[in-house]
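Under our numbering, residues 42 to 309 are what the sequence shown spells out, in order.
Just so you know, even glycine gets a beta-carbon here, dropped at the ideal spot from N, CA and C.
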Amino acid sequence: QLTDGTSIGTTFFKTVPESINTLLLPAVFGANAEVINSISAGNPGLWPLMVFFMALVSVTIMYMLLGVLVDVIGAVASTEKQKIEITYIVGQLREELEKMHIVPEDMALNQMDFQKLVLEPGIVRVMHEAGVNVDVLAEMLDLVWEDAAKSTQKITFTELVNMVLGMRGSNPATVKDCKEQIRVTNSLIKRCFMELYDELDEKVQQIRTEIQNSLDNDLDFEGDFSWDGEHTPKDGDETEAVDEEEPDDQDPDVPETLRESVVRSVGQ
């Protein structure tokens with residue numbers, strides 16, 4: 042009614058549908074309104090189809106941009122949260138070290154001092170708050186030391202912080218972690234086999250020594266007394282030389298005849 046009888050009303054608001062089309066399309070679709078008007082001018086039946094298509098495209102692009110925006114915000118928030126956590130962990134570790142009269146900037150610990158430091162109650166509390174499994178860390182101190190001090194055989198404050206951050210249970214697993222797990226497993230298996238080998242070797246040496254001592258005692262007994270009891274050597278009697286050579290202490294092999302005589306003596 043405001044534009045009735047004017048050129049604007051004649052051009053844009055001639056009828057109610059044209060008025061709706063004039064107000065809706067440029068506001069919602071912007072520059073695409075001209076495309077919709079051009080297509081629907083020749084065939085008005087295409088107007089709903091074009092409006093639906095343009096609305097679908099606009100909503101799709103809007104949600105795509107919204108998803109990208111949400112991902113960016115999430116990444117920024119995660120980075121900032123991680124920075125805050127690292128700052129807190131570093132501050133707590135620095136505070137605990139200062140309580141122990143250790144200057145973090147000048148810290149250079151050997152393996153023994155590192156193991157004592159990790160087991161301190163204050164350091165254990167900080168690592169537990171950071172999400173580190175302290176029990177697993179205590180069992181793997183030797184492997185952790187090997188990884189942290191590969192070159193200088195000393196661990197600094199920066200390496201200590203990196204060790205604590207790397208041992209957190211919330212860290213995602215990577216290919217490097219899988220390779221490290223395989224290396225640690227192989228090292229543990231090798232160490233177990235070496236310990237088992239040393240223990241078995243010690244037991245075998247002990248058994249060989251006991252067998253050798255037993256054989257030496259039986260040979261001494263055989264030289265002093267005869268097996269059939271017919272002759273008992275006295276003082277001054279000459280004893281016949283034994284043809285068989287006495288077994289060497291270093292050689293565990295014993296002649297078969299001597300072994301049979303020892304078995305018979307034990308049986309008697």
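I need the straight-line Cα distance from Gly172 to Lys124, nearest angstrom please.
Distance between the alpha carbons of Gly172 and Lys124 is about 15 Å.
Thr150 in three-state terms, based on DSSP
A small correction: the amino acid at residue 150 is Leu; Thr does not occupy that position in the sequence shown. Leu150 falls in the strand class under three-state DSSP.
C-alpha gap between Ser81 and Gly108, whole angstroms:
Between Ser81 and Gly108, the C-alpha separation is close to 33 Å.
Which of helix, strand or coil does DSSP assign to Ile143?
In the three-state scheme derived from DSSP, where H, G and I count as helix and E and B as strand, Ile143 is classed as coil.
Outcome for Pro58 when other beta-carbon atoms lying within 10 angstroms are tallied against a minimum of 16:
Using a 10 angstroms sphere on the CB of Pro58, the tally of other CB atoms stays under 16, which defines it as exposed.
Going by CA-CA distance only, name the one from Arg166, Glu121, Val185 and Glu139 that's closest to Asn151.
Ranking the options by Cα distance to Asn151, first place goes to Val185.
Quick one: Cα of Ile102 to Cα of Thr120, how far?
The alpha-carbon atoms of Ile102 and Thr120 are separated by roughly 27 Å.
Indicate whether the contact test is met: 3 or more Cβ pairs, each with one atom in the region 146–166 and one in the region 194–210, closer than 8 Å.
With the cut-off at 8 Å, the region 146–166 and the region 194–210 touch.
Given a threshold of 16 other Cβ atoms within 10 Å of its Cβ, counted over all protein chains shown, does Ser267 qualify as buried or as exposed?
Low per-residue confidence applies at Ser267: pLDDT is 47, beneath 50, and the placement is therefore not dependable, though the value from the model is reported in the following sentence. Counting every other CB atom within 10 Å of its CB across the protein chains shown gives Ser267 a total below 16, marking it as exposed.
Can you tell me the Cα-Cα spacing of Ile77 and Leu110, whole angstroms?
Going by the C-alpha atoms only, they are around 30 Å apart.
Return the CA-CA distance between Asp239 and Val245, expressed in angstroms with no decimal places.
For Asp239 and Val245, the distance between alpha carbons rounds to 10 Å.
Go ahead and label Met105 buried or exposed: buried means 16 or more other beta carbons lie within 10 angstroms of its beta carbon, across all protein chains shown.
By the 10 Å Cβ count, Met105 comes out exposed.
Could you please give me the residues that DSSP links to Val21 through a beta bridge?
With the chain represented from 42 up to 309, any question about residue 21 goes unanswered, as that position is not in the structure.
Please state if the CB of Val175 and the CB of His169 are separated by a distance shorter than 8 Å.
Yes, the Cβ-Cβ distance between His169 and Val175 is below 8 Å.
How should Leu26 be labelled, buried or exposed, when 16 other C-beta atoms within 10 angstroms of its C-beta is the threshold for buried?
Limits of the chain in this structure are 42 at one end and 309 at the other, which puts residue 26 out of reach.
So is Ile248 buried or exposed if we call it buried at 16+ other beta carbons inside 10 Å?
Ile248 should be labelled exposed.
Since Pro85 contacts Ala74 with CB under 8 Å, what's their CB separation in whole angstroms?
Their Cβ separation, rounded to whole angstroms, is 15 Å, which puts Pro85 and Ala74 out of contact at 8 Å.
Tell me the rounded alpha-carbon separation between Lys72 and Val113.
It is Ala, not Lys, that sits at residue 72 in the sequence shown. Ala72 and Val113 have their C-alpha atoms some 29 Å from each other.
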